[in-house]
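Asker: Residue numbers (UniProt numbering): 1 to 563.
For glycine and all other residues, C-beta sits at the position ideal for the given N, C-alpha and C.
Bear in mind that the values here come from a model prediction, so they are computed numbers and not experimental data.
#1: Measuring only the C-alpha atoms, how far is residue 210 from residue 37?
#2: Is the beta carbon of residue 155 closer than 9 Å to that of residue 24?
#3: For a quick check, are the C-beta atoms of residue 415 and residue 548 less than 9 Å apart?
#4: For residue 399, which of 450, 377, 22 has the nearest alpha-carbon?
#5: For the structure I just gave you, are there three or more beta carbon pairs, one from the region 406 to 422 and one from the region 369 to 388, closer than 8 Å?
#6: In its own chain, which residues sit with a C-beta less than 6 Å from the C-beta of residue 204, not counting the 5 before and 5 after it?
#7: With DSSP run on the structure shown, which of helix, strand or coil describes residue 336?
#8: Would you report the Cα separation of residue 31 and residue 272, rounded to the nearest angstrom?
#9: Within a Cβ cutoff of 7 Å, which residues of the same chain sit near residue 213, ignoring the five residues on either side of it in sequence?
#10: Helix, strand or coil: how does DSSP classify residue 49 here?
#11: Can the beta-carbon of residue 131 be found closer than 9 Å to that of residue 116?
#12: Report yes if the C-beta of residue 99 is less than 8 Å from at least one heavy atom of the ligand NAP; otherwise report no.
#13: Of the residues 293, 75, 107, which one's Cα is nearest the Cα of residue 92?
#14: If we call anything under 9 Å between Cβ atoms a contact, is residue 515 one with residue 544?
#15: Three or more C-beta pairs under 8 Å: does that hold for the region 424 to 442 against the region 466 to 475?
#16: According to the Cβ coordinates, are residue 519 and residue 371 closer than 9 Å?
#17: What's the C-alpha gap between residue 314 and residue 332?
#18: Starting from residue 373, follow its DSSP beta bridges and name the residues at the other end.
#19: From 48, 69, 40, pick the residue whose C-alpha is nearest to that of residue 15; which is it?
#20: For residue 471, does the three-state DSSP call read helix, strand or coil?
#21: Could you name each continuous alpha helix (DSSP H) segment of 4 residues or more that falls completely within the region 495 to 559, going from the start of the chain to the end?
#22: Mapping the DSSP letters down to three states, classify residue 210 as helix, strand or coil.
#23: Could you tell me the distance, in whole angstroms, from the CA atom of residue 465 to the CA atom of residue 422?
#24: Tell me the DSSP bridge mates of residue 331?
#25: If I follow the unbroken beta strand (DSSP E) through residue 586, where does it start and stop?
#26: Distance check for residue 340 and residue 311, CA to CA, integer angstroms please.
#27: What is the residue span of the beta strand (DSSP E) that residue 114 lies within?
#28: Can you look up residue 227 in the DSSP assignment and give me helix, strand or coil?
#29: For residue 539, count neighbouring C-beta atoms within 10 Å of its own C-beta (all shown protein chains included) and say buried if the count is 16 or more, exposed if not.
#30: How would you call residue 529, buried or exposed, if buried means at least 16 neighbouring beta carbons within 10 angstroms?
#31: Which value, in whole angstroms, describes the spacing of the CA atoms of residue 144 and residue 53?
#32: Give the DSSP-derived three-state secondary structure of residue 562 in the structure shown.
#33: If I measure Cβ to Cβ from residue 181 and keep anything under 8 Å in the same chain, skipping five residues before and after, which residues do I get?
#34: Tell me, please, which residues DSSP counts as bridged to residue 259.
#35: Who are the near neighbours of residue 219 in its chain, counting only those whose CB is closer than 6 Å to its CB and skipping five residues on each side?
#36: By alpha-carbon positions, which one of 166, 288, 206, 129 ends up nearest to residue 195?
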């Protein structure tokens, strides 16, 4: 995924991400500042002075406090607008931590920036540490450090987990996520001990208090009053958000519809949602392998009561239902939006007590697949001992499979004297290019393998390959706990049929036009042929390649590379 894709979404989403990054950067440098107390109080003070050149300038203050107010406002607004408080554990933890932050952050801001600007307090890091050191405040503020940091790390992970590179960096980032607060806590404890030793010395304490412009009792009372006002404002805003959430929920209930599931619960849900959305929002198990896009029929239901009150099915829904020979009164839960009471029967239900991983539900991707078969295998091995056949196949696969792996592909399954490979990548373009490179590399590896066979007095091996690109469903197929990951779809069938056509043409490879187009290859000058393939609804245009090792399709343009 490119950088631009990370910023897709609504304005509120983009603002939340941008303000969150600003606050996370501030927290990071703040923690590093505290951690420098482990090394030297002089370094700690110098780093704080450098930070405040930015954060206490007018532009820096507007940026920082604007980000804080916008981020907090979006969080409270999002809480108020939520349809349901049901959420994933990680999301719930992040929300809970986010709501805890103001409870300590308000006190921190009052005793730092506010005390400095209004009462002239020199709020150096050493002053703040000794201010809290003899009491429980030091542990409360340490807890704030951890809450802020964990909240930010979860948010950063949610944002970056969709990128292709983040997974590889996660172990390193986890190490950094542990190191930063540990470094800050070590600096806090080191500087706290040093300052406590100074303040217990009657000779040194007055000089430091004068340098810090230590607040008197009246000033402390004023600061605590401002802190209490700030906390009261926060609790008021949180109560307002909760009241709006409950009010919206009550309004939706007044405009709700009752759904009864056969062999299941009875729910009351707001109108306007699909039946699948109603099921999910109320925690009712409802299978939907395509994610509710109308691309499968696993969410289908039989409407036992209320079918005549539903809107008629669209052409897309009708086509899907006809494909599986669905009986009358059968509808797709992801396509219907009930406005009147109904009784429904879920045709497919998730297994009770035997939950499957997300991969078993399947995911749809547009990828390139390569089907390879060894020519004349049966005639070649007739009369040979089984061990000799296995030995030949393993040598053959040892020679050519590294070409698939080296190009970024994986062998999905071995099929006797051949295999099916898939090229999982971040997009169709990368997958197509990987498939082309693998086919060329296989041809070169086969040439080397055949030279070895010739030296042994053994006939050369001939192969056929079909390379195609299209929509695939990747998932774990089989009984729960014994389901290997595999791929299915018309694309696999088309690749297999293209491979079969290579035998009649006497070529090693057929590359479909879909692969060439996705890879950014100019096809105007290529001698493409059209094939009518058994079991494939539409003709497939493909390029015959006599020897895969000689494959040369030129380089894509710079514009295509940047797509």
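Answerer: Reading off the structure:
#1: 22 Å
#2: yes
#3: no
#4: 450
#5: yes
#6: Hits under 6 Å: 198.
#7: coil
#8: 47 Å
#9: For residue 213, where only same-chain residues beyond five positions count, the Cβ hits under 7 Å are 120, 121, 122.
#10: helix
#11: no
#12: As presented, the structure is devoid of all ligands, the ligand NAP included, so that no description of it is given.
#13: 75
#14: no
#15: Yes, the region 424 to 442 is in contact with the region 466 to 475.
#16: no
#17: 10 Å
#18: Its beta-bridge partners are 418, 464.
#19: 69
#20: strand
#21: Runs of the alpha helix (DSSP H) lying entirely within the region 495 to 559 and spanning at least 4 residues, in chain order: 513 to 519.
#22: helix
#23: 13 Å
#24: 301
#25: There is simply no residue 586 to check, as the chain begins at 1 and stops at 563 in what is shown.
#26: 11 Å
#27: For residue 114, there is no enclosing beta strand (DSSP E), as DSSP marks it with neither H nor E.
#28: In this structure, residue 227 counts as helix in the three-state DSSP scheme.
#29: exposed
#30: exposed
#31: 24 Å
#32: Bear in mind that a pLDDT of 38 at residue 562, under 50, signals an unreliable position, so the number given afterwards is only what the model happens to contain. Coil.
#33: 31, 145, 146, 149
#34: 267, 342
#35: 119
#36: If we check each option's Cα against that of residue 195, 129 comes out closest.
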